[in-house]
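Q: The structure that follows is given in the form of structure tokens.
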Amino acid sequence: MSKQSRTEMEELDPRVRVNNFAEVAQGYTPEQAVKEAKRCLQCADPKCMEGCPVQIDIPDFIELIAEEKFDAAAEKIKEKNNLPAICGRVCPQEDQCELKCVLESTGEPIAIGRLERFAANYGEDEVTKPVQDKGKVAVVGAGPAGLTAAADLAKMGYKVTVFESFHEAGGVLKYGIPEFRLPKEVVQEEIDQIKKLGVEIQLNKVVGKIKSVDELMEQEGYQAVFVGTGAGLPKFLGLEGENLNGVYSANEFLTRVNLMKAYKFPEYKTPVYVGNKVAVIGGGNVAMDAARTALRLGAEESMIVYRRSREQMPAREEEIEHAEEEGIQFQLLRNPTKILGNEDGFVTGLECIKMELGEPDDSGRRRPIAIEGSEFEMDADMVIMAIGQNPNPILLDDSPEIETTDWGTIKTDEVGQTTKEGVFAGGDIVTGAATVIEAMGAGKDAAEAIDEYIQSKDDN
Amino acid sequence: MYEIVEKNKLAPEIFHFEVKAPEIAAKAQAGHFLILRAVEKAERIPLTIADYDREQGTIDIVVQEVGYSSQQICDFEEGEAFLDVVAPLGNPIETEDYDRVICVAGGLGAAPLYPKVKSLVDHGAEVTTILGAQRAEKLIWEDRFADLSEDLYIATDDGSRGTEGFVTNVLEELLSEDNDYDAVIAIGPMIMMQAVSDLTAEYDLKTIVSLNTLMVDGTGMCGGCRVTVGEETKFACVDGPAFDGHEVDFEEQRRRKKFYEEHEEEIEEHHVGGEGCRVQAK
Ligand SMILES: Cc1cc2nc3c(=O)[nH]c(=O)nc-3n(C[C@H](O)[C@H](O)[C@H](O)COP(=O)(O)OP(=O)(O)OC[C@H]3O[C@@H](n4cnc5c(N)ncnc54)[C@H](O)[C@@H]3O)c2cc1C
Ligand SMILES: Cc1cc2nc3c(=O)[nH]c(=O)nc-3n(C[C@H](O)[C@H](O)[C@H](O)COP(=O)(O)OP(=O)(O)OC[C@H]3O[C@@H](n4cnc5c(N)ncnc54)[C@H](O)[C@@H]3O)c2cc1C
Ligand code: SF4
Ligand code: SF4
Ligand code: FES
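The listed protein sequences derive, respectively, from chains A and B. Residues in the first sequence are numbered from 1 upward in steps of one, following UniProt numbering. Residues in the second sequence are numbered from 1 upward in steps of one, following UniProt numbering.
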């Protein structure tokens with residue numbers, strides 16, 4: 001059976017999808033899911049599980065799909081993962097569970113992510129709220145890390161309140177990752193499930209401004225605080241011309257389009273500027289998302305400007321392929337040196353320098369080196385900076401006892417305990433910009449550590 | 001939801017709202033602002049917390065109708081409620097170490113200036129206020145400033161009240177007679193804050209301005225509020241909104257504010273023409 005190849009998943013035609021925000025990957029039908037599930041070898045020592053940061057019981061849920069017990073498969077996943085519809089879509093499976101699958105060597109690992117996404121459509125909608133009498137915990141930030149910690153703590157019997165600075169919960173899942181990759185309805189449904197567990201989400205609350213961590217613990221009676229505030233601070237390159245009109249951070253561009261729904265302007269009132277020729281600086285998922293979004297908003301040309309080569313791009317392979325299919329151009333081994341503008345202050349182009357690859361650096365990737373004197377200009381009337389994000393400092397500026405590293409991330413031990421007693425942290429605020437599932441894994445570990453911490457205190 | 005407990009018209013196109021928000025009132029300080037989203041499909045609009053009452057649990061905002069979103073806010077009535085308010089944002093302004101200060105407001109700038117004057121006076125400073133407006137009926141809160149200020153000067157563009165001309169004319173006159181002040185605080189249109197800063201630079205007099213950049217989140221996440229201050233890029237929402245007026249690149253700010261001009265027209269057309277919703281087409 002293992003000789004069978006992976007079951008393909010339908011995708012929208014690139015020529016059609018560049019004109020809308022509909023989800024590109026269509027998901028498995030029940031027949032396709034069962035077919036794929038039957039390929040799984042049900043290994044006695046399932047390597048796939050080692051690759052999953054939240055330790056989903058992969059062979060068991062796949063077997064349930066093979067037996068057409070879809071509801072049970074969903075329940076199985078939800079024992080470990082509160083957000084299966086999201087992970088099934090955006091997890092970098094090729095680097096995690098699917099990389100470890102024994103069939104990986106054949107080039108046809110089990111499509112674990114697609115199966116997970118399929119199963120997420122099933123299962124009980126009715127969640128029973130657990131008895132919550134073990135104490136009160138506050139969670140700061142309603143991204144994947146915070147939501148996971150909150151859900152797990154609620155299941156363990158804690159009364160959990162999440163404080164979120166935006167007017168919607170979800171973090172990057174709502175404001176960053178575009179609709180065509182992760183429909184916001186899917187995200188909201190999963191958040192609603194978490195609310196049914198008894199988790200209270202207070203929106204429009206910036207911790208560090210409206211209240212401090214100390215106030216939460218000392219005045220409002222929270223026995224522990226989990227900080228999952230993410231890496232929301234956009235980086236810029238410090239180039240001449242970076243403040244011209246038409247230069248966006250990817251965060252701003254994507255927030256306007258996703259969270260504020262500028263793609264439905266003027267029905268929704270937040271505007272977004274889109275050029276005819278858009279240059280996105282960077283090579284990660286964020287850059288792909290920005291370039292593909294610009295194309296959907298009507299840009300005639302949308303290109304990725306990246307200083308290394310294609311092999312070294314940090315974006316998921318699937319995203320790069322989708323971008324290529326849609327007609328995104330790749331300007332590789334190019335690094336911007338200046339942004340050019342006109343007298344009204346709008347962008348007109350980019351000055352770039354050509355790069356070549358030298359010796360591998362700390363990350364193991366070959367270091368890009370500028371080729372002296374190779375500067376050239378190219379036209380662009382919009383530039384999006386997608387060169388990474390730094391940790392969000394608002395809460396930390398207000399709580400100096402929580403120590404940070406030189407990169408501004410929070411220092412924690414392996415279970416998420418920070419240098420301040422009773423305060424735990426996880427997700428991008430600890431690791432720097434990483435992945436949804438790692439943030440969830442950190443939220444899970446911290447939930448357990450918080451339980452242990454509170455119980456040990458209660459015992460004394 | 002954030003209920004409007006009182007609404008007053010202060011001047012043509014300028015409204016004052018008192019909004020129930022006890023948690024925010026408890027934390028608000030002079031210099032803080034909020035971001036308001038009136039209804040589901042609205043923009044997030046930054047507005048200064050113009051006053052607050054911790055006991056009543058209310059905060060005050062003063063809004064001028066300049067475009068679609070501010071008009072939408074001004075259409076709200078007592079008893080109705082705004083969907084989202086996030087605050088306090090930005091940094092409170094330093095008001096402790098001053099003895100003599102000149103506070104200058106242009107137009108609507110009087111509202112954001114008010115809490116600063118109040119805080120300065122609370123901390124023992126002697127404040128001279130200059131209020132400017134296009135014409136007399138556009139002046140706001142003159143009585144409140146009269147109560148707090150050592151001296152109050154008025155300037156209108158058409159001379160319908162006070163000195164005819166700009167606030168800078170009055171300021172120049174004051175400074176040429178006596179420039180023994182610790183600082184000038186100026187709030188109003190960019191062009192006015194720039195003119196004040198240029199003038200005070202000649203007297204080497206510390207000048208604080210409060211920038212009303214475009215904003216989205218107000219928490220440092222988007223960079224849309226970028227402003228060059230002393231050759232460095234700052235984010236007005238988390239590094240400001242108050243900055244040293246002698247260091248701000250006002251030209252850049254004026255250009256940045258024109259970014260969405262075409263879109264503003266499109267919103268107006270959409271609503272006036274009643275064409276229904278068109279997906280953003282370029
Ligand atoms: C455009 C984009 C595409 C991506 N694509 C992928 C992908 O395909 N696959 C993948 O695995 N990962 C992807 N990532 C990365 C992934 O989204 C993040 O690693 C993950 O969301 C981190 O989760 P988090 O909970 O730590 O933080 P976030 O998701 O950033 O959530 C933090 C939350 O905290 C809130 N907050 C911040 N400060 C405060 C405060 N002081 N008080 C209250 N609330 C606060 C924020 O508003 C936010 O809602 C992508 C990221 C981006 C930006
Ligand atoms: C920290 C801060 C505090 C503020 N406090 C107040 C306040 O207390 N009361 C108040 O009425 N407004 C205040 N503003 C300005 C207010 O946010 C804008 O007037 C509002 O966003 C305009 O939205 P609109 O859709 O109605 O107008 P638009 O349709 O966006 O614009 C209409 C016209 O106003 C100009 N404009 C756009 N944005 C701004 C802006 N941010 N400031 C000034 N002019 C602008 C445009 O260039 C255009 O000419 C503040 C802004 C900031 C950043
Ligand atoms: S959560 Fe992610 S890593 Fe874990 S099984 Fe699902 S797709 Fe794989
Ligand atoms: S390693 Fe691959 S084949 Fe083995 S149980 Fe896991 S998914 Fe199935
Ligand atoms: S408003 Fe987004 S960073 Fe200031």
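For every residue, glycine included, the Cβ atom is placed at its ideal position computed from N, Cα and C.
Shorter than 7 Å, the distance from the beta carbon of E13 (chain B) to the closest heavy atom of ligand 2, or not?
A: no
Q: Cβ of H87 (chain B) within 7 Å of any heavy atom in ligand 2?
A: In the sequence as displayed, the identity of residue 87 (chain B) is Ala instead of His. Incorrect: A87 (chain B) has no Cβ contact closer than 7 Å to ligand 2.
Q: In three-state terms, what does DSSP make of A133 (chain B)?
A: strand
Q: Please state the DSSP three-state secondary structure of Q71 (chain B).
A: helix
Q: Exposed or buried, which one is A44 (chain A) when buried takes at least 16 other CB atoms within 10 Å?
A: exposed
Q: When the distance is taken between beta carbons, is E264 (chain B) closer than 8 Å to G31 (chain B)?
A: no
Q: List the DSSP bridge partners of H16 (chain B).
A: B:N8 and B:V62
Q: Tell me, to the nearest whole angstrom, how far the beta carbon of E177 (chain B) is from that of E150 (chain B); I am working on the premise that it is less than 8 Å.
A: In fact, because the Cβ distance is near 15 Å, the residues do not count as touching under 8 Å.
Q: Assuming the contact rule is C-beta atoms closer than 8 Å, Y263 (chain A) and L295 (chain A) should be a hit. Round their C-beta distance to whole Å, please.
A: That pair is no contact at about 12 Å.
Q: For the pair the segment 442 to 451 of chain A and the segment 401 to 421 of chain A, tell me if three or more CB-CB distances fall below 8 Å.
A: yes
Q: Which of helix, strand or coil does DSSP assign to S149 (chain B)?
A: coil
Q: At which residues does the alpha helix (DSSP H) containing Y203 (chain B) begin and terminate?
A: From DSSP, Y203 (chain B) is part of no alpha helix (DSSP H); its letter is neither H nor E.
Q: If we call anything under 8 Å between Cβ atoms a contact, is T418 (chain A) one with A425 (chain A)?
A: yes
Q: Listed in chain order, which residues of the segment 51 to 78 of chain B have Cβ atoms closer than 9 Å to some Cβ of chain A?
A: Y68, S69 and Q72
Q: Going by DSSP in three states, R100 (chain B) sits in which element: helix, strand or coil?
A: strand
Q: Does the beta-carbon of I77 (chain A), which I'm using as the reference point, lie nearer than 7 Å to any heavy atom of ligand 4?
A: no
Q: Count the other CB atoms within 10 Å of the CB of E218 (chain A); is the residue buried (16 or more) or exposed (fewer)?
A: By the 10 Å Cβ count, E218 (chain A) comes out exposed.
Q: Please look up how many angstroms separate the CB atoms of K155 (chain A) and Y222 (chain A), rounded, as I've assumed it's under 8 Å.
A: Between Y222 (chain A) and K155 (chain A) the Cβ distance is about 18 Å, and since that is not below 8 Å, they are no contact.
Q: If you count every other CB in all the chains shown that lies within 10 Å of the CB of I371 (chain A), and 16 or more means buried, which is it?
A: With fewer than 16 Cβ atoms within 10 Å of its Cβ, I371 (chain A) is classed as exposed.
Q: Is the segment 6 to 23 of chain B in contact with the segment 80 to 90 of chain B, if contact means three or more CB pairs nearer than 8 Å?
A: yes
Q: For M9 (chain A), which of helix, strand or coil comes out of DSSP?
A: coil
Q: If I measure Cβ to Cβ from I45 (chain B) and keep anything under 6 Å in the same chain, skipping five residues before and after, which residues do I get?
A: Result list for I45 (chain B): L36 and S69, in chain order.
Q: According to the Cβ coordinates, are K269 (chain A) and E43 (chain B) closer than 8 Å?
A: Closer than 8 Å, so yes.
Q: So, with DSSP's three-state summary, where would you put M221 (chain B)?
A: coil
Q: Please tell me whether M191 (chain A) and A169 (chain A) are closer than 8 Å, where the distance is taken between their beta carbons.
A: The residue asked about is misnamed: residue 191 (chain A) is Ile in this sequence, not Met. Yes; because the gap between Cβ atoms is below 8 Å, this pair is in contact.
Q: Assuming P314 (chain A) and G364 (chain A) form a contact by the criterion Cβ under 8 Å, report the distance between their Cβ atoms to the nearest whole angstrom.
A: That pair is no contact at about 12 Å.
Q: Excluding the 5 residues flanking G51 (chain A) on each side, which residues of the same chain have their C-beta closer than 6 Å to its C-beta?
A: Q96, C97, L99 and K100
Q: Taking only beta carbons into account, state which residues of the segment 267 to 294 of chain A come closer than 9 Å to chain B, listed in chain order.
A: E267, Y268, K269, T270, P271, V272, Y273, V274, G275 and N276
Q: Where does T270 (chain A) fall in DSSP's three states?
A: coil
Q: Would D51 (chain B) be called buried (16 or more neighbouring beta carbons within 10 Å of its own) or exposed?
A: With 16 or more Cβ atoms within 10 Å of its Cβ, D51 (chain B) is classed as buried.
Q: Just the C-alpha distance for K7 (chain B) and E321 (chain A), rounded to the nearest angstrom, thanks.
A: 55 Å
Q: Decide yes or no for the touch test of the segment 378 to 389 of chain A against the segment 339 to 359 of chain A: beta carbon pairs closer than 8 Å, at least 3 of them.
A: yes
Q: So what's E164 (chain B) in DSSP terms, helix, strand or just coil?
A: Of the three classes helix, strand and coil, the one that applies to E164 (chain B) here is strand, per DSSP.
Q: Do N276 (chain A) and E252 (chain A) have their C-beta atoms closer together than 8 Å?
A: no
Q: Within the same chain, show all residues whose beta-carbon is closer than 6 Å to that of K457 (chain A), passing over the 5 residues directly before and after it, in chain order.
A: none
Q: So with CB distances below 7 Å, who are the chain A contacts of R255 (chain B)?
A: Listed by position along chain A, the residues whose Cβ is nearer than 7 Å to that of R255 (chain B) are N245, D344 and G345.
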